[in-house]
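Comments concern the structure below.
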Amino acid sequence: MDRLPSSSGTLVDILDRVLDKGLVVAGDIRISLANVELLTIRIRLLVCSVDKAQGQSASA
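The following block contains the structure:
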């Protein structure tokens, strides 16, 4: 069975684009018991190249 070429790109292309443009993942996890919030975890993940991250921190 032959695979058809996909237009989505290879993993290397996707990784190159993510490192060039950057990617932010944010989320919250809340643990509650009987409507009493026991724990809140806030997650922020930044994925980008070192040059891009240094440029962002200098402009902020």
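In terms of the working numbering, the sequence shown opens at residue 4 and continues consecutively. Just so it is clear, CB atoms sit at the ideal spot from N, CA and C, and this is done for glycine as well. Computed from a predicted structure; not experimentally measured.
Coil, strand or helix - residue i by DSSP
{"i": "G12", "result": "coil"}
{"i": "G58", "result": "helix"}
Proximity of residue i and residue j at Cβ, strictly below 9 Å
{"i": "I32", "j": "L18", "result": "no"}
{"i": "V28", "j": "I46", "result": "yes"}
{"i": "K55", "j": "D16", "result": "no"}
Per DSSP, cross-strand counterpart(s) of residue i
{"i": "L49", "result": "V27"}
{"i": "R33", "result": "T43"}
Check: Within the chosen definition, does the region 30 to 39 reach the region 49 to 58 through at least 3 CB pairs nearer than 8 Å?
Finding: Counting C-beta pairs closer than 8 Å gives fewer than three between the region 30 to 39 and the region 49 to 58, which falls short of the contact rule.
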